[in-house]
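In what follows, a single structure is set out as structure tokens and then discussed.
Residue numbers (the working numbering): 4 to 780.
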């Protein structure tokens with residue numbers, strides 16, 4: 004497939020180089036096919052594909068189909084925006100190619116392109132699907148049908164005009180014209196707002212999708228409904244009960260009399276500030292009129308009081324009375340037969356049972372306005388609008404769980420150009436008795452293009468003061484993913500990363516880099532994914548261990564120690580070898596990344612070899628502490644614990660080395676396959692299913708566990724490990740107490756990092772082969 008795609012791009016290059024540019028009076032939107040009524044402009048394919056995968060709303064909508072198409076064609080390297088145009092089953096990619104995008108001397112002899120001219124096409128087979136490539140000047144049409152593309156300026160005129168208002172920095176922009184989309188499925192009233200092209204810029208995070216756009220009004224009654232009215236705050240949510248799935252509210256400060264029966268005087272009509280339609284399963288079950296004088300309005304509709312329901316009077320509608328001119332607001336039908344009066348509203352229903360059910364929710368405060376997932380979503384939008392539409396998605400759009408809730412909110416505000424519209428779809432973690440006692444929250448899940456090769460870590464974003472995720476996949480692609488789930492960049496490396504990635508401040512200016520090694524290269528990568536000057540440094544022989552990074556005085560004056568078998572290379576910040584580092588070869592091959600341990604004002608560099616030799620050096624690579632005793636090292640690191648250099652040997656015994664070089668061996672009940680970690684005060688050991696934190700032994704369920712890790716966080720120290728069979732991440736205090744909310748779901752070793760900006764600790768862990776999850780606590 005890669006070869007076919009490469010040839011396709013070469014074809015378009017050569018033809019573009021030989022063609023004229025777009026006519027100066029035309030833009031690419033003038034080349035949208037006349038049959039299209041759905042157009043998706045993709046500005047950033049990599050970001051948008053990631054947003055579709057990681058957002059629950061986008062992944063179950065039209066965009067999932069668009070993702071499938073994008074991946075089959077693979078426009079990942081396209082530098083210019085492209086357009087996916089749909090007309091029923093017909094799909095057309097429209098994109099522009101300029102000769103400057105490719106090498107001018109590119110040639111291709113495998114395909115004869117002489118027949119590709121206006122209204123003619125070349126057939127291509129990509130992924131066993133037939134595609135047809137057509138050209139008009141330097142605009143290319145890649146389509147799944149063989150008939151010529153038909154253009155019509157009248158059809159695309161509206162699209163051309165509003166395209167100028169779209170945001171080119173958004174990952175994608177949707178243009179459509181009376182077409183079923185995710186938004187119209189959630190908000191059917193959208194198609195009643197305009198008969199012309201509409202657009203929405205799309206920005207998505209794992210738990211949130213934001214749509215911002217313009218809906219021009221053309222010969223629509225709602226255009227006149229809001230004449231001489233300013234945006235207002237909606238109150239309908241306080242009447243929307245637990246069983247309701249949708250509501251639409253229209254707000255006014257100067258409503259027109261024509262919408263109401265002539266029997267209602269103009270002064271009473273003037274007190275009406277909102278009309279709300281409340282639905283259940285796509286049917287209007289209640290209509291609310293908000294007014295400052297409900298008693299005055301009540302007398303126009305009531306024939307008599309029918310009953311008193313829980314201290315609320317229920318009235319029957321006057322025979323043959325008309326509530327409002329319904330068709331001005333909705334295409335759905337509704338017949339009002341019963342109603343009640345509240346402090347500032349009248350609520351109408353078709354049946355008595357519906358009104359009683361609605362009142363139960365209102366009186367019990369089991370209404371949408373009292374739900375945290377509603378109020379928190381509304382806080383992300385302007386407080387006032389002309390129209391507010393809220394939808395609780397069905398299972399085909401969003402699959403809720405016992406702890407999550409999906410919500411979609413649309414705001415439309417009347418302007419001289421039509422309606423400015425903003426829609427937001429959110430996934431909220433619910434607060435319930437089961438969740439209340441938990442001190443940890445799921446912040447988001449992110450999917451990669453391929454399976455992960457390394458465990459994800461967290462690094463500081465020095466621009467936003469948030470935390471980003473760094474991870475590598477099995478195709479050797481390195482990702483930087485924002486806290487919101489957006490892929491900032493993805494770049495391919497020569498091989499898998501060795502060990503952990505370290506974030507450094509090499510230029511001591513607050514702009515941080517990522518330092519790591521692969522098999523043969525030592526990389527330092529900037530925040531933008533580019534290589535730092537003088538890097539990467541290539542070595543012909545493979546590295547024996549990941550690079551060791553030392554910052555002796557915490558002044559960002561780094562030293563990088565490379566090891567190859569028994570050889571050591573100490574490098575400075577500029578990647579040059581440090582002169583004067585004495586130890587260049589060891590007795591035996593180096594078996595672990597050298598370590599830096601600082602005790603008081605003394606620096607110790609720890610080097611271990613397979614000849615049971617322990618080197619304890621100073622900064623210059625000279626022997627600082629001679630150690631003559633042979634040590635059969637386990638796979639564990641060396642730690643400074645209670646005045647000793649501490650590790651274990653292959654027998655499972657604790658090895659302690661004094662600052663004079665004396666070695667002691669203490670028998671410990673550790674199996675051959677064991678792990679230790681330590682701070683100055685706390686020694687943590689793990690053997691079989693026994694975790695010992697200082698003086699506190701903990702017997703865990705049998706399983707396959709990762710090695711324990713210690714994180715020194717503000718005001719507390721946390722020890723973590725993961726049961727990879729049970730998919731549980733555990734976190735303990737230094738007293739052996741399980742942290743509130745743990746264990747949590749996770750499949751591999753977890754990584755923790757504290758963010759002082761929001762005073763939260765973040766935990767990232769693998770959730771599936773190509774999926775990671777971030778928690779906060």
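Glycine included, each C-beta is placed from N, C-alpha and C at the ideal position.
Relative to the C-alpha of residue i, which candidate in the options has its C-alpha closest?
i	options	result
residue 588	611, 602, 599	611
residue 166	86, 418, 230	86
residue 175	238, 69, 271	69
residue 261	255, 254, 269	269
residue 396	187, 680, 684	187
residue 634	620, 765, 659	659
residue 172	141, 193, 215	215
residue 393	378, 48, 446	378
residue 501	458, 537, 471, 467	458
residue 756	150, 746, 747, 767	767
residue 563	557, 653, 553	553
residue 713	696, 384, 706	696
residue 159	287, 151, 555, 34	34
residue 474	775, 143, 463	775
residue 288	311, 230, 360	360
residue 579	595, 599, 596, 539	539
residue 548	572, 130, 537	572
residue 497	476, 487, 516	476
residue 418	528, 743, 230	230
residue 372	411, 275, 239, 295	239
residue 676	666, 490, 692	692
residue 337	344, 351, 343	351
My guess is that residue i and residue j are in contact by the Cβ rule of under 8 Å, so how many angstroms apart are they, rounded?
i	j	result
residue 546	residue 522	7 Å
residue 309	residue 319	5 Å
residue 655	residue 628	Between residue 628 and residue 655 the Cβ distance is about 25 Å, and since that is not below 8 Å, they are no contact.
residue 253	residue 277	7 Å
residue 179	residue 42	7 Å
residue 124	residue 137	4 Å
residue 3	residue 678	Within the shown structure, residues of the chain are numbered from 4 to 780, placing residue 3 beyond reach of any answer.
residue 671	residue 688	7 Å
residue 511	residue 493	Between residue 493 and residue 511 the Cβ distance is about 28 Å, and since that is not below 8 Å, they are no contact.
Grouping DSSP H, G and I as helix and E and B as strand, with all else coil, what is residue i?
i	result
residue 671	coil
residue 510	coil
residue 138	strand
residue 59	coil
residue 25	For residue 25, the pLDDT reaches just 47, beneath the cut-off of 50, and the residue's location in the model is therefore unreliable, although a value from the coordinates is still provided. Three-state DSSP puts residue 25 in coil, outside helix and strand.
residue 185	helix
residue 191	helix
residue 701	strand
residue 361	helix
residue 708	strand
residue 133	strand
residue 346	coil
residue 2	Since the displayed the chain opens at 4 and closes at 780, residue 2 lies outside it and no answer follows.
residue 53	helix
residue 32	helix
residue 2	Nothing about residue 2 can be reported from this structure: the residues present for the chain run from 4 to 780 only.
residue 740	coil
residue 334	coil
Count the other C-beta atoms from every protein chain shown that fall within 10 angstroms of the C-beta of residue i, then say buried if there are 16 or more, exposed otherwise.
i	result
residue 110	Only weak support exists for where residue 110 lies, its pLDDT of 28 falling under 50; the coordinates are left without a value.
residue 204	buried
residue 533	exposed
residue 341	buried
residue 541	exposed
residue 368	exposed
residue 604	exposed
residue 602	exposed
residue 726	buried
residue 237	buried
residue 50	buried
residue 622	buried
residue 389	buried
Whole beta strand (DSSP E) elements within the segment 574-611, 3-residue minimum
Taken in chain order, the unbroken stretches of beta strand (DSSP E) that lie wholly in the segment 574-611 and span 3 residues or more are 598-602, 605-611.
Starting from the N-terminal side, write out each stretch of the beta strand (DSSP E) that is 3 residues or longer and does not extend beyond the segment 226-313.
Listed in chain order, the complete beta strand (DSSP E) runs (minimum 3 residues) inside the segment 226-313 are 249-254, 275-283, 286-294, 305-312.
Run through the segment 634-683 for me and flag every whole alpha helix (DSSP H) of 4 or more residues, listed as ranges in chain order.
Counting whole runs of 4 or more residues, the segment 634-683 contains no alpha helix (DSSP H) stretch at all.
Counting only runs that start and end within the segment 465-509, where is the beta strand (DSSP E) found for 3 or more residues in a row?
The qualifying runs are 469-475, 480-484, 490-495, 501-507.
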